[in-house]
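What follows is a short report on a single structure.
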Amino acid sequence: MHTIRLASNENPFGPSPRAMEAIRVAAAEVNLYPDNSNSKLRRLLAELHGVAAEQILISNGTTSLLHLMARALLAPGLNAVTSRESFIVYPAATREARADLIETPTVEHGYALEAIAAAVNRSTRLVFIANPNNPTGTMVDAPAVERFLQRVPEHVTVVLDEAYAEFAAAFAARRGAEYTRSLEYLRQGRNVIVQRTFSKAHGLAGIRVGYGIGPAELIGRIARLRVTFDVSRLAEAAALAALSDHEHIRKTVDNNCEQAAWLARNLQELGFRPVPTWANFICFDAGEPAAALARRLASHGVLVHAMNEWGMPNAVRVTIGTPEQNQAFIAALERARNDGGGTFPALQ
Ligand SMILES: *Cc1c(COP(=O)(O)O)cnc(C)c1O
């Protein structure tokens, strides 16, 4: 049986074809060390976002950037603030810096920015905002972020983690919402770091490349903690090519918008309650321990993510796939549900 992987929010259409071609070409030069300052990619991104190249740091995936930021800005006695039900790397990065993490309650499984502003204190140095949020798929819109930033004191760096920016922007255009003004904040020199990754819409999760944009002085401080030659030649070549692969991104986000609606409707018809999504996955209440349902789904050939570690024992996160993958998932879910909450063991 062919396994359908809907557990890690990867691109169901594979890598950007342009990136694959660039990797093939760059393969002939992997005897050479990479450009440690990633000047080509930084220059292109600076142009794209209307900022200076000194404001950009390329990293071996944004997971590694989150750890760098925590090491640069946190220490014992200091703290970071984020929301409950959010990205698993925020606690890990904060722990590594031996700082405290304050997690505020959610509202309808989304960030409550008022609660985050209220939790910030003299010892706070970082705020992590996943927008859209992983694992719940919720978004905080631009006016809400603006109000929030006005309340946050200058000694706090706000990380706007926009890993799912392409998906959120497409949903926002269709739904008449305003997704983000993060690049404006950067051009105004505010104490904000915006994170973007090539792992999701560009389909490059396996090659590890992402970036942060922030005030030049702060980016320089964080860059000094980076491991030399952190981003490989293949990763930089792939990222450069993927940036101009508008066709692959369009195909990916268009499918995602259509299939999000299809999946939500089918989940509801099966009696589940999906959280409205702004990303490339859907979170829903399984009505039973999520790990048990995920195991039965796996026995039917579909991998999803059970969110127990997030303090959400009944929540399942499923990546939005191709139409065929989503149909297979819904069919497997129907069978897994009828396998009966663990009463009958799932058939192999
Ligand atoms: C997937 C994801 C990332 C990206 O991680 P990489 O290390 O760049 O692959 C960052 N933040 C959030 C919230 C994510 O879900």
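Counting along the sequence shown from 1, when you hit position 113 you're at 126 in my numbering, and nothing is skipped either side. Where a beta carbon is used, it is the ideal one built from N, C-alpha and C, also for glycine.
Buried versus exposed call for residue i [16 or more other C-beta atoms within 10 Å across all chains shown]
i	result
E322	exposed
F297	buried
G90	exposed
V240	exposed
N24	buried
A12	Residue 12 is absent from the model: the chain starts at 14 and stops at 361.
L163	Looking at the sequence itself, residue 163 is Gln, so the reference to Leu does not match. Counting Cβ neighbours within 10 Å, Q163 comes out exposed, since fewer than 16 surround it.
P47	buried
T210	buried
G202	exposed
P145	buried
A131	exposed
G123	buried
E260	exposed
E116	buried
A252	buried
Beta-carbon contacts of residue i that lie in its chain and below 6 Å, excluding the five residues immediately before and after
i	result
A66	R55, R56 and A59
R138	L86, L87 and L91
D243	N73
N279	I343
S195	L173 and V207
A254	R31, A32 and A35
A155	E191, T193 and R194
S29	H215, G216, A255, D258 and H261
CA-to-CA distance, residue j to residue i, given in whole angstroms
i	j	result
G233	I220	24 Å
S99	N147	6 Å
L70	S312	42 Å
G5	Q272	Only positions 14 to 361 of the chain appear in the structure, and residue 5 is not among them; the question remains open.
T149	L173	16 Å
Q281	T119	23 Å
I129	A236	27 Å
A359	I262	Confidence in A359 is poor, its pLDDT being 34 and thus under 50, which makes the residue's placement too unreliable to answer from.
V165	R37	46 Å
N268	A105	33 Å
A303	K53	44 Å
G189	V153	14 Å
I226	H15	40 Å
R309	R135	48 Å
L306	L231	45 Å
Q68	D352	53 Å
E167	V133	11 Å
I101	G27	24 Å
L45	S257	25 Å
L61	K264	21 Å
E121	N49	43 Å
F285	G63	43 Å
S212	V266	14 Å
F161	V171	10 Å
Cβ pair residue i, residue j closer than 9 Å
i	j	result
R111	L87	yes
T107	G223	no
L78	V94	no
L276	P287	yes
V207	L217	no
A39	H215	no
L126	V158	yes
Y192	A176	no
F184	C270	yes
A143	W291	no
E42	R246	yes
Contact set for residue i: own chain, Cβ-Cβ below 7 Å, skip 5 residues either direction
i	result
L19	V315, L316, V317, V331, T332, G334, Q338 and F342
M325	E98
A248	I220, R221 and V222
N51	I71, V244 and E249
A345	L310, H313, G314 and V315
L238	L81, R84 and A85
Cut-off 8 Å between Cβ atoms - residues of its own chain near residue i, not counting five sequence neighbours on either side
i	result
E347	L283
E109	H80, A83 and R84
S21	A218, H318 and T332
N327	D298, A299, G300, E301, P302 and A303
A229	A65, E67 and Q68
CB contact below 9 Å: residue i versus chain D
i	result
F285	Chain labels in this structure do not include chain D; a single protein chain is all it has.
For ligand 1, which residues have a Cβ under 5 Å from at least one heavy atom, in chain order?
G74, T75, T76, F100, A143, N147, D174, A176, T210, S212 and G223
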